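For the sequence shown, counting from 1, position 157 maps to 296 in the working numbering; every step adds exactly one.
In this text, a Cβ means the ideal position worked out from N, Cα and C, and glycines have one as well.
Only a predicted model underlies this, so the values are computations on that prediction, with no experimental measurement involved.
All remarks here apply to the structure that follows.
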Amino acid sequence: MTARTRVKFCGLTRPDDVRAAVDLGVDAIGLVFHPASPRAVDLPQAVQLASLVPAFVTLVGLFVDASAARVAEVLRQVPLGALQFHGQEPPANCQAPGRPWIKALAVRPGFDLDAALARYGDAASLLLDTYDPTLPGGTGRRFDWELIPPALAPRIILAGGLDAANVAAAIARVRPHAVDVSGGIEAARGRKDAHKMAQFMKGVRDGDQHR
């Protein structure tokens, strides 16, 4: 049987976008709790959006070097199934909330993925994104997939510049556990496009035929 690539749509801010994502069969939905991001949601927004996410879809909260108090405040109000850390958080900070967690890593030539895996070995997954000195994620640019050791693929969530046009090739080449998309399904920052979301899901299924 062909393995199925899991899909996470990240940076959703509107109820209609959450409903569309759920209807398309995504595995996870990401809410951004980093105030500097154009895709950030406040707590009332997050509570509203979370109410639209069924139990079989994982709700992921994205943080960037947030304080323990901030993470705890969000967890008290929003039923997050997993946490995603996009900053310089040490492993102890990622583990402290007691939820499954994902560590995002910005990949560039010379980056030691094996060392990162050893450091963040307790992470549920490693999310590989494109390095940008000014942005912690959501760059809309891809990195060189050849930098990913094949043995690491089962632990990887692949991100960075993915869209409907390239996700099938990405899956066939890397064979990741999951793919993560934000800008590639948007009409504008923080506003998803239903057609692009549907086309992305089609691309994933096409890629699964060749992984």
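{"Asked": "Just verifying my parser: in three-state terms, what is the DSSP assignment at F148?", "Found": "strand"}
{"Asked": "Taking V210 as the reference, give the member of R328, D283, C233 and V146 with the closest Cα.", "Found": "C233"}
{"Asked": "Between which two residues does the alpha helix (DSSP H) holding V217 run?", "Found": "Segment: none, V217 is in no alpha helix (DSSP H) and carries neither H nor E."}
{"Asked": "Starting from L267, follow its DSSP beta bridges and name the residues at the other end.", "Found": "L244 and L297"}
{"Asked": "If you check the beta carbons only, do L301 and G329 fall under 7 Å apart?", "Found": "no"}
{"Asked": "Where do the ends of the beta strand (DSSP E) carrying A327 lie?", "Found": "E325 to A327"}
{"Asked": "CB Q187 to CB L201, shorter than 7 Å?", "Found": "no"}
{"Asked": "Using 8 Å for Cβ pairs, my map puts V165 next to V146. What's the rounded Cβ distance?", "Found": "5 Å"}
{"Asked": "So what does G169 bridge to, in DSSP terms?", "Found": "C149 and V199"}
{"Asked": "Which residues bound the alpha helix (DSSP H) around V186?", "Found": "L182 to A189"}
{"Asked": "Relative to the C-alpha of L151, which residue among D345, A263, D319 and G342 is closest?", "Found": "D319"}
{"Asked": "Between the region 255-270 and the region 294-311, are three or more C-beta pairs nearer than 8 Å?", "Found": "yes"}
{"Asked": "Please report how far the alpha carbon of H173 lies from the alpha carbon of A205, in whole angstroms.", "Found": "8 Å"}
{"Asked": "Could you tell me the alpha carbon to alpha carbon distance between P154 and A307, rounded to whole angstroms?", "Found": "28 Å"}
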